[in-house]
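Asker: Numbered according to this note's numbering, the sequence shown spans residues 66 to 513. Each residue gets a CB set at the ideal place from its N, CA and C atoms; glycine is no exception. This one's a predicted model, so the numbers in the text were calculated from it and none came from an experiment.
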Amino acid sequence: MKNLITIIFLTFSILLIAQTDPKIYDIIEAVSEERLRNDVKTLADFGTRHTLSDTLSDTRGIGAARRWIKSQFDNISKDCNDCLKVFFQKDLVAKGTNQRIVKDVMVVNVVAIQRGTKYPNRYIIMSGDIDSRVSDPTDFTSDSPGANDNATGMAGAIEAARVLSKYKFESSIVYLGLSGEEQGLFGGQGMARYAQENNWDIIGVLNNDMIGNIEGVDGVIDNRTFRIFSEPITTAETDPERLARQARGRRFYGGEVDGISRQLARYVHKTTETYMPEMNPMMVYRLDRFGRGGHHRPFNDAGFAGIRIMEAHENYTQQHQDIRTEDGINYGDTFEHVNFPYCKKLTAVNAITMASLASAPPAPSEVGIGGIVEPSAKLKWNKVDGATGYKIYWRDTTSPTWDYSRYVGDVTEFTLEGIVIDNFLFGVAAVGEDGHESVVVFPNKIMR
Ligand SMILES: [Zn+2]
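1. What is the C-beta distance between S441 and L481, in whole angstroms, given that I count them as a contact (C-beta under 8 Å)?
2. Which value, in whole angstroms, describes the spacing of the CA atoms of A370 and I325?
3. Mapping DSSP to helix, strand and coil, what is P33?
4. May I ask you to report which of helix, strand or coil DSSP gives F294?
5. Just grab the DSSP bridge partners of I195 for me.
6. Report yes if the CB atom of V449 is closer than 7 Å to the CB atom of N380, and no otherwise.
7. For Y407, which of helix, strand or coil comes out of DSSP?
8. Assuming I190 and N273 form a contact by the criterion Cβ under 8 Å, report the distance between their Cβ atoms to the nearest whole angstrom.
9. Could you tell me whether any non-hydrogen atom of ligand 1 is closer than 6 Å to the CB of D214?
10. Can you give the Cα-Cα distance for P185 and K160, rounded to whole angstroms?
11. Provide the residue span of the beta strand (DSSP E) that contains K150, from first to last.
12. Cα separation between D196 and Q311?
13. Among the residues of its own chain, which have a CB less than 6 Å from the CB of Y350, if the five just before and after it don't count?
14. Excluding sequence positions up to five away, which residues of its chain have a Cβ less than 6 Å from the Cβ of F35?
15. Pop quiz: N215 and G245 are said to be a contact at Cβ under 8 Å. What is the actual Cβ separation, rounded to whole angstroms?
16. Could you give the distance in angstroms between the alpha-carbon of S209 and the alpha-carbon of A109?
17. If we ignore side chains and look at the alpha-carbon of each, how far apart do E321 and N163 end up?
18. Output the distance between the C-alpha atoms of T124 and L271, rounded to the nearest integer angstrom.
19. Give the list of continuous beta strand (DSSP E) stretches no shorter than 3 residues that lie fully inside the region 410-490.
20. First and last residue of the beta strand (DSSP E) that includes E357?
21. What does the alpha-carbon distance come out to for the pair I166 and D91?
22. Which residue marks the beginning of the beta strand (DSSP E) containing M275, and which one marks its end?
23. For F317 and W446, I'd like the C-alpha separation in whole angstroms.
24. Using DSSP with H/G/I as helix, E/B as strand and the rest coil, what is T113?
25. Does E296 pass the burial test, meaning 16 or more other C-beta atoms within 10 Å, or should it be called exposed?
26. Count Cβ pairs between the region 171-181 and the region 229-242 that sit closer than 8 Å; are there 3 or more?
27. Let's see if you can read the secondary structure: which residues bound the alpha helix (DSSP H) around T120?
28. What residue range is occupied by the uninterrupted alpha helix (DSSP H) comprising P87?
29. Do the region 89-104 and the region 394-412 meet, that is, are 3 or more Cβ pairs less than 8 Å apart?
30. Report the option in G126, V403 and D201 whose CA atom is closest to the CA atom of Q386.
31. Alpha carbon to alpha carbon, how far is D475 from P508? Give it in angstroms, no decimals.
32. Count the other CB atoms within 10 Å of the CB of E247; is the residue buried (16 or more) or exposed (fewer)?
33. Under the rule that 16 or more other beta-carbon atoms within 10 Å means buried, what is S464, buried or exposed?
34. Do M344 and T336 have their CB atoms nearer than 7 Å?
35. In the structure shown, what three-state DSSP assignment does Y396 receive?
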């Protein structure tokens with residue numbers, strides 16, 4: 066009897082331990098507010114980082130800024146036995162491509178890849194932006210510190226590289242500085258094309274754009290809440306026949322809020338709630354702010370999962386503004402307005418999401434579901450190389466998050482007894498040795 070109790074206790078503790086990984090807490094601790102502060106200051110001090118600004122000076126303009134960013138990644142790489150592959154990715158954008166491109170410009174991104182040990186061609190990406198702007202989007206000479214928009218996202222990506230380069234991961238992690246955002250999302254387009262041309266298997270893109278403001282124009286001060294924007298379903302499919310088939314499928318089986326970007330958003334939400342319960346992740350069920358855009362969109366356009374991570378309360382007097390004082394209001398996106406304890410928290414959210422995903426096996430590619438007019442729901446999926454088990458998730462049809470789950474071990478089909486298929490939505494995730502999980506996959510096959 067005593068032995069049995071011991072066995073039950075041990076089994077139970079192993080299961081409990083498997084749910085969190087102590088390494089993740091170390092990663093949160095290692096993110097440095099001080100380094101973020103220094104890096105945002107350095108970036109803001111380049112005067113302007115407008116995409117069309119000077120590229121020759123060593124102290125002012127986007128050329129100096131991108132060389133400095135590359136030098137940071139190079140230094141990080143030196144400290145980890147060349148664990149990063151660092152390079153510029155560039156595309157020429159011709160004058161007149163749109164109204165904001167008033168001269169030919171080379172749009173240059175900075176890329177740093179930490180190669181995965183087991184799945185080198187699978188990538189989880191964290192992006193920030195290099196470029197900044199003032200009131201007139203074609204003004205490439207005026208001072209444009211872009212401290213919050215978006216030196217914070219850029220500094221976050223550099224800091225995440227410093228922290229995560231101390232570890233090894235099964236999948237590759239990319240730290241990315243994108244240019245041309247304010248001119249029309251050109252850097253993201255170039256990088257998404259590069260990823261397609263090189264057959265990258267992208268797990269997801271975490272686009273960070275403005276992660277340092279806690280005092281909103283709405284008067285709310287909040288250093289706990291942040292937003293995760295995601296589009297509901299992919300818009301990359303263009304074949305009319307397949308589109309019609311998908312729409313018909315969604316009408317009868319659901320899936321209108323379960324695209325790949327939405328699953329990535331739920332993953333960030335879950336990872337934050339698990340490891341950083343002091344934070345308040347807020348999923349927003351739209352691509353981006355109302356009528357506005359960001360650098361995850363070109364990745365979505367190319368068929369990749371991508372989301373935007375962002376402060377919850379924006380301040381428009383400090384966004385895309387000429388630096389000036391008017392009616393007692395200090396306009397401009399200056400260094401003083403950035404809250405670094407908050408910026409540190411959001412950087413940590415990225416770092417732990419990437420560490421978890423890069424430690425997890427790939428998600429199953431095929432998930433079938435059945436159980437029409439039955440008292441149980443059946444799920445079946447393909448075996449994933451590297452997975453030690455699988456977890457079925459389900460939720461009420463009105464819930465934004467996967468609220469119920471069951472670890473089912475190393476099997477490829479399972480029947481949830483007593484769970485009526487009509488009343489829930491379902492998905493399956495692969496689980497790795499240390500408990501890290503893939504994103505949840507919504508069923509893509511109906512079993513009859
Ligand atoms: Zn902006």
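Answerer: Looking at the coordinates:
1. Indexing the sequence shown from 1 puts residue 441 at position 376. Indexing the sequence shown from 1 puts residue 481 at position 416. Right, their Cβ atoms sit about 6 Å apart.
2. Here residue 370 refers to the residue found at position 305 when the sequence shown is read from its first residue. Here residue 325 refers to the residue found at position 260 when the sequence shown is read from its first residue. When the Cα atoms are used, A370 and I325 turn out to be separated by approximately 5 Å.
3. With the chain running from 66 to 513 in the structure shown, residue 33 is simply not present.
4. In the sequence shown, the residue the question calls residue 294 occupies position 229. Shown here, F294 sits in a strand according to DSSP, grouped into three states.
5. Numbered from 1 along the sequence shown, position 130 holds the residue referred to as residue 195. In the DSSP output, where bridge partners are listed per residue, I195 has none listed.
6. Your numbering for residue 449 matches position 384 in the sequence shown. Your numbering for residue 380 matches position 315 in the sequence shown. Not closer than 7 Å, so no.
7. In the sequence shown, the residue the question calls residue 407 occupies position 342. In the three-state DSSP reduction, Y407 falls in the helix class (H, G or I).
8. The residue given as residue 190 occupies position 125 in the sequence shown. The residue given as residue 273 occupies position 208 in the sequence shown. Contact flag wrong, Cβ pair sits at about 11 Å.
9. If you number the sequence shown from 1, residue 214 lands on position 149. Yes, ligand 1 has a heavy atom inside 6 Å of this Cβ.
10. For the purposes of this step, residue 185 is identified with residue 120 of the sequence shown, where counting begins at 1. For the purposes of this step, residue 160 is identified with residue 95 of the sequence shown, where counting begins at 1. Spanning the two alpha carbons is a distance of roughly 37 Å.
11. Within the sequence shown, residue 150 is the residue found at index 85, counting from 1. Element bounds for K150: L149 to V158.
12. Taking the sequence shown and counting its residues from 1, one reaches residue 196 at position 131. Taking the sequence shown and counting its residues from 1, one reaches residue 311 at position 246. Straight-line spacing of the CA atoms in D196 and Q311 works out to 38 Å.
13. The count along the sequence shown starts at 1 and reaches residue 350 at position 285. Excluding positions up to five away in sequence, the list is empty.
14. Because residue 35 is not part of the residues shown, which for the chain are 66 to 513, the question remains open.
15. Position 150 of the sequence shown holds residue 215. Position 180 of the sequence shown holds residue 245. Not quite, the Cβ-Cβ distance comes to about 12 Å (not below 8 Å), so this is no contact.
16. Here the question's residue 209 lines up with position 144 in the sequence shown. Here the question's residue 109 lines up with position 44 in the sequence shown. Their Cα atoms are separated by approximately 8 Å.
17. Walking along the sequence shown from the start, residue 321 turns up at place 256. Walking along the sequence shown from the start, residue 163 turns up at place 98. For E321 and N163, the distance between alpha carbons rounds to 33 Å.
18. Taking the sequence shown and counting its residues from 1, the one referred to as residue 124 is at position 59. Taking the sequence shown and counting its residues from 1, the one referred to as residue 271 is at position 206. Going from the Cα of T124 to the Cα of L271 covers about 29 Å.
19. Under the rule that a run must span 3 or more residues, the beta strand (DSSP E) segments found entirely inside the region 410-490 read 432-435, 441-446, 454-461, 469-474 and 478-482.
20. Sequence index remark: in the sequence shown, residue 357 carries index 292 (1-based). The question names Glu, but residue 357 in the sequence shown is Arg. Note, R357: premise wrong, no beta strand (DSSP E); not H, not E.
21. The sequence position of residue 166 within the sequence shown is 101, counting from 1. The sequence position of residue 91 within the sequence shown is 26, counting from 1. Cα to Cα, I166 sits roughly 44 Å from D91.
22. Locating residue 275 in the sequence shown gives position 210, counting from the first residue. The continuous stretches of beta strand (DSSP E) do not include M275, and DSSP gives it neither H nor E.
23. Stepping through the sequence shown from its first residue, residue 317 is reached at position 252. Stepping through the sequence shown from its first residue, residue 446 is reached at position 381. If I take the Cα positions, the gap works out to 21 Å.
24. Numbered from its first residue, the sequence shown carries residue 113 at position 48. Under the three-state reduction of DSSP, T113 is assigned to strand.
25. Position 231 of the sequence shown holds residue 296. By the neighbour-count rule (16 or more Cβ atoms within 10 Å), E296 is buried.
26. Output reads yes: the region 229-242 touches the region 171-181.
27. Counting from 1 along the sequence shown, the entry for residue 120 is found at position 55. Looking at the DSSP string, T120 is not in any alpha helix (DSSP H), and its letter there is neither H nor E.
28. Indexing the sequence shown from 1 puts residue 87 at position 22. First-last of the alpha helix (DSSP H) with P87: P87 to A95.
29. Contact between the region 89-104 and the region 394-412 is present: three or more C-beta pairs spanning the two stretches fall below 8 Å.
30. By 1-based counting over the sequence shown, the position of residue 386 is 321. Out of G126, V403 and D201, D201 has the C-alpha closest to the C-alpha of Q386.
31. Sequence index remark: in the sequence shown, residue 508 carries index 443 (1-based). Sequence index remark: in the sequence shown, residue 475 carries index 410 (1-based). Cα to Cα, P508 sits roughly 19 Å from D475.
32. Sequence index remark: in the sequence shown, residue 247 carries index 182 (1-based). By the 10 Å Cβ count, E247 comes out buried.
33. The sequence position of residue 464 within the sequence shown is 399, counting from 1. Exposed.
34. On the sequence shown, residue 344 is found 279 positions in, with the first residue counted as 1. On the sequence shown, residue 336 is found 271 positions in, with the first residue counted as 1. Result no, Cβ atoms of M344 and T336 do not sit closer than 7 Å.
35. In the sequence shown, counting from the first residue as 1, residue 396 sits at position 331. Strand at Y396.
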